[in-house]
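Mapped onto this note's numbering, the consecutive letters of the sequence shown carry residue numbers 25 to 112. For glycine and all other residues, C-beta sits at the position ideal for the given N, C-alpha and C. Worksheet for the structure shown next.
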Amino acid sequence: MAATILCLILTLLVMFVLFGGLMYLVIITVFPERLMESWPGTGEATTAVDHLKLSLFLAAMGVLAGSLGGRTDSRDLVRGVLFITEET
């Protein structure tokens, strides 16, 4: 049981690090410098620490979305969660 939990935790950490690294590369290459200098309400975000913070946030959102999406077994369940339809 402990080995399974450890394996799951390590898998999530590896996914988080890989996705965070990918997002860091995307932030550096895709976002223009002028956009990074004028984020609404945050001031300049041009340092490596700012890029790292943004990439970690995006990685956390990606892992969360992946884990929620991977848990579902049918499309109807995903549609029911995303598009709330009240059938009365």
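- Message: Going by DSSP, what residue range makes up the alpha helix (DSSP H) through Phe43?
- Response: Your numbering for residue 43 matches position 19 in the sequence shown. Ala26 to Val54 is the span of the alpha helix (DSSP H), which, as asked, contains Phe43.
- Would you kindly work out how many angstroms separate the C-alpha atoms of Leu30 and Met60, rounded to a whole number? Here the question's residue 30 lines up with position 6 in the sequence shown. Here the question's residue 60 lines up with position 36 in the sequence shown. Straight-line Cα distance between these residues: approximately 38 angstroms.
- According to DSSP, is Ser79 helix, strand or coil? Translated into positions along the sequence shown, residue 79 becomes position 55. Helix, per DSSP.
- In the structure shown, what three-state DSSP assignment does Ala84 receive? In the sequence shown, counting from the first residue as 1, residue 84 sits at position 60. Note: Ala84 maps to helix in three-state DSSP.
- Message: In this structure, how does DSSP classify Ser1 when only helix, strand and coil are distinguished?
- Response: Any property of residue 1 remains undetermined from this structure, which presents the chain solely from 25 to 112.
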